[in-house]
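Read the structure below first, then the notes.
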Amino acid sequence: MTAPAPPWALLAELTHACPLHCSYCSNPLELTRRSRELTAGQWAAVFRQAAELGVLHTHLSGGEPLLRRDLEQIARAAVEAGLYTQLVTSGVGLSAGRLDALVDAGLHSVQLSVQHADPGRSDQLAGHPAFDAKRQAAALVKERGLPLGVNVVLHRHNLDALDALMELAVAWRADRVELANTQFYGWGLLNRAALMPSREQLAAAGEQVKAWRERLGGAVEITWVVPDYFSGAPKPCMGGWGAVSLTVTPDGTTLPCPAAATVPGLHAPNAAERPLRWIWEESPAFNAYRGTDWMPDPCRGCERRTEDFGGCRCQAFALTGDASRTDPACSLSPDHAALIALTRPGTPPMPVPRRPTTPDRLQERTDRRTR
Amino acid sequence: MHDPGDWCPRLPTAALLRHDEARHVDVMLLPERVVVLHGSGRAVLELVDGTRTVDEIITRLAPDHVQEIRGDVISFLNRLRTEGCLR
Ligand code: SF4
Ligand code: SF4
């Protein structure tokens, strides 16, 4: 067996703790306890091994990474390993002092999440009065001369504000804007019905994005992540299983994609116990859906199989109970009709805010919602 | 239109040039982006400092081969500018 091509990026989920309660959050329903988080020293070892393996970018994410008091130390270790290091933050806790320490550690860029352009609505969606902190964080990042990316997860409750969100991003002098239609993992999956946009909302937003791209030329880079539930075409999830990037979760569990913890029987390896090279090249988890050999029909004979890799394994599992089926987002999938049914307008339930929970309480909530 | 040789290209402050040991290529790193630099790509970008014109860069790079490489260097730099990787 020839070794797989090296990975380009590492998503480092430093903690699951977060002051916000976004109902679209893709963190798992069972959040990792703080006492189980990797130490800064363990993260440094992960970064060194990742760089040796070929990783060039790392995203320090969470939860809210600023809740790690040793974030500066962790960022320094990533930079010293030679990685291009980006902080992914809600902005809450990004004081001038902390940002200066991060800049001193060598941090390269910041990505800031925004929930809505209207401060009141934004705070409501975040379940926390966070908007002012975001505005201040954006100003600080630009003052320090770091590139700023603004990330918005889009859904039924903020898609209509797309123009206002773009105006906000321009006013905050963002260099990049990522408009990501929500994906249904973790809390987002639990809240799917509440978050599901309408076809009309999406079509209007798509037109607005086009207009903004024309208006801004190349001055601001705009990424528009299309919602695969509506496009009929599955997303090339993570650029293919174990092909482009790896995710290390707060306790060291290492996954081909942030949502893959839900795939049963994966036996995800842990970066604190195994060398990262073994995990990437040899672990059964990273090889489970690599390449095209695992594919069922209709993917097996489909000419798009090396472009979309049969779509997302986690979504196939979430919707069919079998991670090795064709992604139901594909119009050729035998399960596509069931997915389309989920996009039909109905009366959406209220979103459940993300918060630390025990499996029992969660089961109760889920039962209540599906009843 | 003015002469493309007069433009003073500048790298974004966030850009990082480095060697990628695992893939044996030079790269330019930007947020969420990797630009793989083939041939003398890195040598060209190392001469980009915001004050040198394209023609000065070319003369420094290969004083004896200015005419042969001018077209290639200009199209390389223009392509990076269109992609938002140069100012
Ligand atoms: S999506 Fe919201 S709740 Fe989840 S980690 Fe990000 S800011 Fe926190
Ligand atoms: S059948 Fe499989 S490979 Fe073909 S388009 Fe659908 S998901 Fe992609």
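Heads up: the protein sequence lines correspond to chains X and V, in order. Residues 1 to 371 in our numbering are what the first sequence spells out, letter by letter. Residues 1 to 87 in our numbering are what the second sequence spells out, letter by letter. Heads up, the beta-carbon is just placed ideally off N, CA and C, and yes, glycines get one too.
List in chain order: all unbroken beta strand (DSSP E) runs of 3+ residues lying wholly within the region 74-159 of chain X. Taken in chain order, the complete beta strand (DSSP E) segments of 3 residues or longer contained in the region 74-159 of chain X are 84-89, 109-113 and 148-154.
Could you check whether the Cβ of P31(V) sits closer than 8 Å to any Cβ belonging to chain X? Within the second sequence, numbered from 1, the residue matching residue 31(V) stands at position 31. Yes, because at least one Cβ of chain X sits closer than 8 Å to the Cβ of P31(V).
For G239(X), I'd like the list of residues in its chain whose CB is within less than 6 Å of its CB, leaving aside the five on either flank, ordered along the chain. As a position in the first sequence, residue 239(X) is number 239, starting the count at 1. Within the same chain, G239(X) has no close Cβ partners at all.
Could you check whether the Cβ of V20(V) sits closer than 8 Å to any Cβ belonging to chain X? The residue labelled residue 20(V) in the question sits at position 20 within the second sequence. Correcting the residue type first, residue 20(V) is Asp in the shown sequence and not Val. Output row for D20(V): interface = yes.
Looking only at its chain, what residues have a beta carbon closer than 6 Å to the beta carbon of A78(X), apart from the 5 residues adjacent to it on each side? Start at 1 with the first residue of the first sequence, and residue 78(X) comes out as number 78. Contacts found: F47, T58 and T85.
Have a look at the DSSP bridge pairing and note the partners of M88(V). With chain V covering only 1 through 87, there is no way to say anything about residue 88(V).
Tell me T253(X)'s beta-bridge partners as DSSP assigns them. Counting from 1 along the first sequence, the entry for residue 253(X) is found at position 253. N270(X).
Just to confirm, does C312(X) get its C-beta within under 7 Å of one of the non-hydrogen atoms of ligand 2? Within the first sequence, numbered from 1, the residue matching residue 312(X) stands at position 312. No, the Cβ of C312(X) stays beyond 7 Å of every heavy atom of ligand 2.
For ligand 2, any of its heavy atoms closer than 7 Å to the Cβ of S333(X)? Stepping through the first sequence from its first residue, residue 333(X) is reached at position 333. Correct: S333(X) has its Cβ closer than 7 Å to ligand 2.
Going along the chain, which residues of its own chain have a beta-carbon closer than 6 Å to the beta-carbon of T370(X), five neighbours each way excluded? What you label residue 370(X) is simply residue 370 of the first sequence in a count that begins at 1. With a pLDDT of only 42 at T370(X), under the threshold of 50, the placement of this residue in the model should not be trusted; the figure read from the coordinates follows. Taking C-beta separations shorter than 6 Å and ignoring five residues to either side along the sequence, T370(X) has no partners in its chain.
Say whether the region 243-253 of chain X touches the region 5-21 of chain X, bearing in mind that this needs 3 or more beta-carbon pairs closer than 8 Å, one atom from each stretch. Yes: at least three Cβ pairs fall under 8 Å.
Proximity winner among G252(X), G63(X) and D327(X), relative to R300(X) (alpha-carbon distances): Against the first sequence, residue 300(X) aligns to sequence position 300. In this structure, D327(X) is the residue among G252(X), G63(X) and D327(X) with its C-alpha nearest to the C-alpha of R300(X).
Name the chain X residues whose beta carbon is nearer than 7 Å to that of G84(V)? In the second sequence, the residue the question calls residue 84(V) occupies position 84. Near G84(V) (Cβ distances below 7 Å), the residues of chain X are G218 and E221.
As a quick exercise: from C18(X), E13(X) and R76(X), pick the residue whose alpha carbon is nearest that of S61(X). In the first sequence, the residue the question calls residue 61(X) occupies position 61. Taking only the C-alpha atoms, the option nearest S61(X) is E13(X).
Separation of R18(V) from H157(X), as counted between CA atoms: What you label residue 157(X) is simply residue 157 of the first sequence in a count that begins at 1. What you label residue 18(V) is simply residue 18 of the second sequence in a count that begins at 1. So the two alpha carbons sit approximately 43 Å from each other.
Would you say Y84(X) reaches chain V, if we count a Cβ-Cβ gap shorter than 8 Å as a contact? On the first sequence, residue 84(X) is found 84 positions in, with the first residue counted as 1. Yes, contact with chain V.
Could you tell me whether the Cβ of V34(V) comes closer than 8 Å to any Cβ of chain X? Here the question's residue 34(V) lines up with position 34 in the second sequence. Cβ-Cβ to chain X under 8 Å: yes for V34(V).
Kindly list the residues whose CB is nearer than 8 Å to the CB of K142(X), restricted to its own chain and excluding five residues on each side of it in sequence; keep chain order. For the purposes of this step, residue 142(X) is taken as residue 142 along the first sequence, with counting starting at 1. The beta carbon of K142(X) is closer than 8 Å to those of L148, W172 and R173 in its chain, skipping five residues each way along the sequence.
Quick check: L56(X) and V25(V), are their CB atoms within less than 8 Å of each other? For the purposes of this step, residue 56(X) is taken as the residue at position 56 of the first sequence. For the purposes of this step, residue 25(V) is taken as the residue at position 25 of the second sequence. Taking a C-beta distance under 8 Å as the contact criterion, L56(X) and V25(V) do not qualify as a contact pair.
Any chance the CB of C237(X) is under 7 Å from a heavy atom of ligand 2? Here residue 237(X) corresponds to residue number 237 of the first sequence, with the count starting at 1. Flag unset: Cβ of C237(X) not near ligand 2.
Taking the alpha-carbon of S383(X) as reference, which of E307(X), G188(X), L112(X) and V114(X) has the nearest alpha-carbon? Limits of chain X in this structure are 1 at one end and 371 at the other, which puts residue 383(X) out of reach.
With burial defined as no fewer than 16 other Cβ atoms inside 10 Å of the residue's Cβ, what is the status of W278(X): buried or exposed? Stepping through the first sequence from its first residue, residue 278(X) is reached at position 278. With fewer than 16 Cβ atoms within 10 Å of its Cβ, W278(X) is classed as exposed.
R89(V) at chain X interface by Cβ criterion, 8 Å: No answer is possible for residue 89(V): it lies beyond the span of chain V, which begins at 1 and ends at 87.
V248(X) - containing beta strand (DSSP E), residue span: Translated into the one-based positions of the first sequence, residue 248(X) becomes position 248. It spans S245 to V248 - the beta strand (DSSP E) in which V248(X) sits, taken as one unbroken run.
Please state whether the Cβ-Cβ distance between R355(X) and S23(X) is less than 8 Å. The residue given as residue 355(X) occupies position 355 in the first sequence. The residue given as residue 23(X) occupies position 23 in the first sequence. Taking 8 Å as the Cβ cut-off, R355(X) and S23(X) do not qualify as a contacting pair.
Would A43(V) and L30(V) qualify as a contact pair, given that the criterion is a beta-carbon distance under 8 Å? On the second sequence, residue 43(V) is found 43 positions in, with the first residue counted as 1. On the second sequence, residue 30(V) is found 30 positions in, with the first residue counted as 1. Between A43(V) and L30(V), the CB-CB gap reaches or exceeds 8 Å.
Where Q67(V) falls, given that 16 or more other Cβ within 10 Å makes a residue buried: In the second sequence, the residue the question calls residue 67(V) occupies position 67. Exposed.
Touching by the beta-carbon criterion (3+ pairs, under 8 Å), the region 48-58 of chain V and the region 182-198 of chain X: No: the two stretches stay apart, fewer than three of their Cβ pairs being nearer than 8 Å.
Would you kindly report the start and end of the unbroken beta strand (DSSP E) that includes W224(X)? By one-based count along the first sequence, residue 224(X) stands at place 224. Taken as a continuous stretch (DSSP letters only), the beta strand (DSSP E) holding W224(X) covers E221 to V225.
Relative to chain X, which residues along the region 38-65 of chain V have a C-beta separation below 7 Å, given in chain order? Going along the region 38-65 of chain V in chain order, one finds no residue with a Cβ nearer than 7 Å to chain X.
Is it buried or exposed, V36(V), if we count other Cβ atoms within 10 angstroms and call 16 or more buried? For the purposes of this step, residue 36(V) is taken as residue 36 along the second sequence, with counting starting at 1. V36(V) is classed as exposed because its beta carbon has fewer than 16 other beta carbons within 10 Å across all chains shown.
Is C330(X) a contact residue of ligand 2, with contact defined as CB to any heavy atom under 7 Å? If you number the first sequence from 1, residue 330(X) lands on position 330. At least one heavy atom of ligand 2 falls within 7 Å of the beta-carbon of C330(X).
Check distances from the C-beta atoms of the region 4-21 of chain X to those of chain V and list, in chain order, the residues that come in under 8 Å. Within the region 4-21 of chain X, the qualifying residues are P6 and W8.
With a threshold of 7 Å (Cβ to nearest heavy atom), would C257(X) be considered close to ligand 2? Working through the first sequence from its first residue, we reach residue 257(X) at position 257. Closer than 7 Å to some heavy atom of ligand 2: that does not describe the Cβ of C257(X).
Can you list, in chain order, the residues of the region 43-63 of chain X whose Cβ is nearer than 8 Å to any Cβ on chain V? Listed in chain order, the positions of the region 43-63 of chain X with a beta carbon within less than 8 Å of a beta carbon of chain V are E52, L53, G54, L56 and H57.
Under DSSP, the alpha helix (DSSP H) around H336(X) begins and ends at which residues? Residue mapping note: residue 336(X) aligns to position 336 of the first sequence, counting from 1. Secondary structure note for H336(X): its alpha helix (DSSP H) is the uninterrupted segment H336 to L342.
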